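What the sequence shown shows, in the working numbering, is residues 956 to 1076, in sequence order.
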Amino acid sequence: NSIISLPIVTVFFVGIAASMPDAFAGKVGFLVAFVAICAGQAIPDLQFLHLFFICFVVAALTIALFTYVPSLRTLCKRTAVPEVYTCDKTGVVDMTPWKPMKFISGAILVLLALLICSLQF
């Protein structure tokens, strides 16, 4: 399970924490995390959480290196500095309240109370 979850978690957390890494750095970090966790499975005495943390840090550092070191990026035929993500606020979400919300919320609470009571006996 950790063979695929570690790369996904690493790319997700780095993507949430920083706006500078681009898709190329994420792909390299994903690949490094996958290879690191697969290689770490061969170490018999290493506990799972220690292995997960070590591979997470290695993958996050790889993403940072491929984001902030221009020579590594140009070596892979990418631009020296990645384009920073900026959120455009063109989409507007309608925030009008839903009319039957109070009724549906009450019905859910009543059904939940009935379910809990029925499971007690």
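Think of the CB as a built atom: it goes at the ideal place given N, C-alpha and C, for glycine as much as any other residue. The structure displayed is predicted, hence computed values, not measured ones.
Which of the three DSSP states, helix, strand or coil, is assigned to Q1075? Helix, per DSSP.
F1011 vs T965 beta-carbon contact at 8 Å: In contact: F1011 and T965 (Cβ atoms closer than 8 Å).
Stretch pair the segment 1001-1019 + the segment 1052-1059: three plus CB contacts closer than 8 Å: With the cut-off at 8 Å, the segment 1001-1019 and the segment 1052-1059 do not touch.
For S960, tell me which candidate among P1037, G984, L1074, A980 has the shortest Cα-Cα distance. S960 has its Cα closest to that of G984, out of P1037, G984, L1074, A980.
Alpha-carbon to alpha-carbon, L1066 and K1057: A straight line joining the alpha-carbon of K1057 with that of L1066 spans about 14 Å.
When V1039, L1004, A997 are compared against A974, the one with the closest alpha-carbon: Looking at the sequence shown, residue 974 is not Ala but Ser. The candidate whose alpha carbon is nearest that of S974 is V1039.
Residue range of the alpha helix (DSSP H) that includes L1001: For L1001, there is no enclosing alpha helix (DSSP H), since its DSSP letter is neither H nor E.
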